[in-house]
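One point on numbering: in this note's numbering, the residue at position 43 of the sequence shown is 43, and numbering is uninterrupted.
Just so it is clear, CB atoms sit at the ideal spot from N, CA and C, and this is done for glycine as well.
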Amino acid sequence: MIITKIGLRLYFSAHNLAMHVLSGMSDPRGAAMTHSASTAPRGQTQALISASLDSPVLAAAYDRFGVLQFEHGKQLVALLHVARGESVLDIGAGTGRLAAYVAEIVGDDGRVVAVDPLPLRVDMARTRAARQFDAKVGRAEDLSAFRDGSFDVVYLNSVFHWVEDKPRALGEIYRVLRPGGRLGVNCHNPDHPHEVRLLVRQAMIAAQIELAPELGYPSLGISEAQLTEQISTAGFVGVLSEQRTFVDTFPNVEAVVGWASSSTFGNFLNGVSNADRNRVIETLGQLLEVKRGPDGIRLERYLAFATARKPVSSPE
Ligand SMILES: C[S@@+](CC[C@H](N)C(=O)[O-])C[C@H]1O[C@@H](n2cnc3c(N)ncnc32)[C@H](O)[C@@H]1O
Numbered sequence: 001m002i003i004t005k006i007g008l009r010l011y012f013s014a015h016n017l018a019m020h021v022l023s024g025m026s027d028p029r030g031a032a033m034t035h036s037a038s039t040a041p042r043g044q045t046q047a048l049i050s051a052s053l054d055s056p057v058l059a060a061a062y063d064r065f066g067v068l069q070f071e072h073g074k075q076l077v078a079l080l081h082v083a084r085g086e087s088v089l090d091i092g093a094g095t096g097r098l099a100a101y102v103a104e105i106v107g108d109d110g111r112v113v114a115v116d117p118l119p120l121r122v123d124m125a126r127t128r129a130a131r132q133f134d135a136k137v138g139r140a141e142d143l144s145a146f147r148d149g150s151f152d153v154v155y156l157n158s159v160f161h162w163v164e165d166k167p168r169a170l171g172e173i174y175r176v177l178r179p180g181g182r183l184g185v186n187c188h189n190p191d192h193p194h195e196v197r198l199l200v201r202q203a204m205i206a207a208q209i210e211l212a213p214e215l216g217y218p219s220l221g222i223s224e225a226q227l228t229e230q231i232s233t234a235g236f237v238g239v240l241s242e243q244r245t246f247v248d249t250f251p252n253v254e255a256v257v258g259w260a261s262s263s264t265f266g267n268f269l270n271g272v273s274n275a276d277r278n279r280v281i282e283t284l285g286q287l288l289e290v291k292r293g294p295d296g297i298r299l300e301r302y303l304a305f306a307t308a309r310k311p312v313s314s315p316e
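Right, here's the structure in full:
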């Protein structure tokens, strides 16, 4: 097990951000962010994840908070041995920080294409675009914009737990990889939830929120065993997996909420009224204090990492 310590030194006012995020002011279309979703009743287990809750404030916040995902993205890229001259597809690239890093690795002879379903984040990724780096709106389940065998490497960093139709996505990835091409994925494992997810659930229960606690911080994560099985079933070989643990430090509850809201593109506590939301966050703040150390609030996060390759000769 690898433990990576990431000290998150927030270089902006987490408090101001959280106030925007929490009040729903972030949504230029009005109250869609906090009020329009129907309240999922207790006992509902299917996560409702919407791609229409993103906003300029959330996208800009992710561009800063996403430094946590960037750190383990670099680990994923290292596992894939991405090399100069290679053609790489970053699926669910968000605002493109990791894709821009990979563009430096592949150099002028290589190519990086970043796709993401959220247009605001694609716009931000485009501001990082260079000659060998392009960003487009797209999703894992539909890679029809790309020809068969057109990439050496495809990766999804902190994305697979958002992908609804995973077998379809893996089929598409298999198709666009060249024979011998490599796949890298990391994914939230619901058998081993992040510490913050457990604390949010506790806070929702304590605040008696009318929403099933697991839906306050939704995810379509899968276990490490399911992940490797799905990758093998799609036809990949040489499947390797491991769970990695990360330790993130946050200065206060507002920073935790800002990170959770922007990473879930607005799905964190979606469908909870502003008053209930404030109660959950107040309780969460109290629960988080137990985790405070000299560097801040210290939370462990776990991800299943998997790598695999497309066989050199495809089965008949
Ligand atoms: C936590 S962010 C990770 C962003 C980026 N990979 C990084 O390392 O910072 C999750 C991203 O997954 C994207 N996403 C959600 N569903 C997706 C899908 N079906 N296909 C591709 N990307 C998806 C979201 O739009 C969001 O930008």
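Notebook entry, point to check: Under the DSSP definition of a beta bridge, which residues are partnered with F305?
Noted result: Here residue 305 refers to the residue found at position 305 of the sequence shown. Partner residues in the beta bridge of F305, as assigned by DSSP, are N186 and E242.
Check: Rounded to a whole number of angstroms, what is the C-alpha to C-alpha distance between R178 and A260?
Finding: Within the sequence shown, numbered from 1, the residue matching residue 178 stands at position 178. Within the sequence shown, numbered from 1, the residue matching residue 260 stands at position 260. Going by the C-alpha atoms only, they are around 36 Å apart.
Notebook entry, point to check: Between the Cα of L53 and the Cα atoms of H188, R197 and P119, which residue gives the shortest distance?
Noted result: Within the sequence shown, the letter at position 53 stands for residue 53. Of H188, R197 and P119, the smallest CA-CA separation from L53 is found for P119.
Next item on the list: Would you list the residues sitting across from V102 in a DSSP beta bridge?
Entry: Residue 102 sits at position 102 when you count from the first residue of the sequence shown. Partner(s): none; V102 has no beta bridge.
Checklist line | Secondary structure of G171, DSSP reduced to three states | finding: One-based indexing of the sequence shown puts residue 171 at position 171. Of the three classes helix, strand and coil, the one that applies to G171 here is helix, per DSSP.
Margin query: Relative to the C-alpha of V185, which candidate in L80, V312 and D295 has its C-alpha closest?
Written below: Looking up residue 185 in the sequence shown gives position 185. Here the closest residue by C-alpha is L80.
Check: For I49, which three-state DSSP category applies?
Finding: What you label residue 49 is simply residue 49 of the sequence shown in a count that begins at 1. In this structure, I49 counts as coil in the three-state DSSP scheme.
Notebook entry, point to check: First and last residue of the alpha helix (DSSP H) that includes K74?
Noted result: Your numbering for residue 74 matches position 74 in the sequence shown. V67 to L79 is the extent of the alpha helix (DSSP H) around K74.
Checklist line | Outcome for P41 when other beta-carbon atoms lying within 10 angstroms are tallied against a minimum of 16 | finding: Here the question's residue 41 lines up with position 41 in the sequence shown. Only weak support exists for where P41 lies, its pLDDT of 48 falling under 50; the value from the coordinates is given anyway. Taking every protein chain shown into account, the CB of P41 has fewer than 16 other CB atoms within 10 angstroms, so this residue is exposed.
Check: If we ignore side chains and look at the alpha-carbon of each, how far apart do T45 and V153 end up?
Finding: Residue 45 sits at position 45 when you count from the first residue of the sequence shown. Residue 153 sits at position 153 when you count from the first residue of the sequence shown. The predicted position of T45 is uncertain, since its pLDDT is 49 and thus under 50; a value taken from the coordinates is nonetheless stated next. C-alpha separation (whole angstroms): 34 Å.
Next item on the list: Sort out for me which residues DSSP pairs G293 with in a bridge.
Entry: Working through the sequence shown from its first residue, we reach residue 293 at position 293. DSSP, once it has assigned bridges, lists G296 as partnering G293.
Notebook entry, point to check: DSSP state of L89, grouped into three classes?
Noted result: In the sequence shown, residue 89 corresponds to position 89, counting from 1. L89 falls in the strand class under three-state DSSP.
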